[in-house]
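Visitor: Right, I'll just put the structure down here and ask away after.
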Amino acid sequence: MKSILCIFFSLISQIAWAIVDGTPITDSSFRQSVALVYKKDPTQTTGEIYCSGTLIGPRVVISAAHCISSGAKAMKVSVEAFKSQTWIYMGETENAPDLPMVTPQFKNAKVVVHPMNDSIYSDIVLIELDQDVDLKKWSINPASLLIPTKELLGKELIHVGYGQIANDGVKGNKALLRLPLKELNGYNGLGVGEMRGNGPGACHGDSGGSAYMSDQKGNLRFVGVEYAVSNHPCGFSATFFVPLNEKIIDWLKSLNRPLFL
């Protein structure tokens, strides 16, 4: 049974997990992978990292829809209130002194949850920022969207997320894992790692995180959104992603926001 990677805040941080046995990101690579941050009061300077996401357009972030619904439930606020209290943090966190608390740089202008709820393919949400991200200033090389196909099986998938890099650590550490793509189907989506074996894997806090793969020309492309693991504890499970498909991309296009295509 897969475990949805719900979000957990400091009040239940004893069971909050993230990438285990991953590699911390300490340079400016993968800047398009961002963190979702909860700020109860807009006048606060800092907020708490609760999920991960990916910049897929100049002012568009994609993440997992359950981050929003589970976050609202955890904080005992309405979904609409929680949406308005979500900010975006961009950059590394190795020098952040108070993880999981960080100072987010971008406010959201609108949060749009996928209208369907009948499969893993609906566990996506689009977060529109209130301004374009200056790609040059932030040293971002956009990873354009790619619909993954069976030809990618066995190729390396890179997952980037924010959270713990050890089971007894704190959330907010930006890290990555590299594993071969083991499955691609309509039930599990994209799958990496062993169902019940040691190795790098995601857990709570990496929900909504990035899945990247290289295309035939060697270009890094964005292929999916992290949504679940096969079991717990972290580091002993497979990791699953919602793969991009034509319907998802058509839905994104219908929202009339510029995308990295």
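When you read off a place in the sequence shown, starting at 1, and then add 1205, the result is the number in my numbering.
Note that CB positions come from ideal geometry on N, CA and C, so glycine has one too.
1. Count the other CB atoms, across all protein chains shown, that sit within 10 Å of the CB of Q1336; report buried if there are 16 or more and exposed otherwise.
2. Sorted by chain position, which residues of the same chain lie with C-beta nearer than 8 Å to D1303's C-beta, five sequence neighbours on each side aside?
3. Can you have a look at I1267 and say buried or exposed, based on whether 16 or more other CB atoms are within 10 angstroms of its CB?
4. May I have the straight-line CA-CA distance separating A1348 from E1451, to the nearest angstrom?
5. When the Cα of K1342 is compared with those of N1461, S1233, K1458, V1318, which residue comes out closest?
6. For I1212, is the classification buried or exposed, using 16 other Cβ atoms within 10 angstroms of its Cβ as the cut-off for buried?
7. Taking C-alpha atoms, which residue in K1245, V1265, M1295, S1442 lies nearest to T1231?
8. Determine the contact status of L1334 and L1466, defining contact as a CB-CB distance below 8 Å.
9. Kindly indicate which three-state DSSP category A1407 falls into: helix, strand or coil?
10. Does the beta-carbon distance from V1202 to L1464 come in below 8 Å?
11. From K1376 to H1409, what distance separates their C-alpha atoms?
12. Apply the 10 Å Cβ neighbour rule to D1246 and answer buried if 16 or more other Cβ atoms are within range, or exposed otherwise.
13. Let me confirm a value: I1261 is counted as buried when at least 16 other C-beta atoms fall within 10 Å, else exposed. Which label applies?
14. Output needed for F1235: all residues of its chain with C-beta closer than 6 Å, excluding positions within five of it in sequence on either side, in chain order.
15. Would I1293 and V1330 qualify as a contact pair, given that the criterion is a beta-carbon distance under 8 Å?
16. Would you mind reading off the limits of the beta strand (DSSP E) that contains I1261?
17. For N1436, I'd like the list of residues in its chain whose CB is within less than 6 Å of its CB, leaving aside the five on either flank, ordered along the chain.
18. Assign Q1333 to one of three DSSP states: helix, strand, or coil.
19. In terms of residue numbering, what span does the alpha helix (DSSP H) encompassing H1271 cover?
Guide: Let me lay it out:
1. exposed
2. T1251
3. buried
4. 17 Å
5. S1233
6. Only weak support is given to the placement of I1212: the predicted model assigns it a pLDDT of 39, under 50, and the value that follows is read from those uncertain coordinates. Under this definition I1212 is a buried residue.
7. M1295
8. no
9. coil
10. In the structure as shown, the chain starts at 1206 and stops at 1466, and residue 1202 therefore has no counterpart that could be examined.
11. 9 Å
12. exposed
13. buried
14. V1365
15. no
16. 1252-1262
17. S1442
18. The residue you asked about is not Gln; residue 1333 is Glu in the sequence shown. Reduced to three states, the DSSP call for E1333 is strand.
19. 1270-1280
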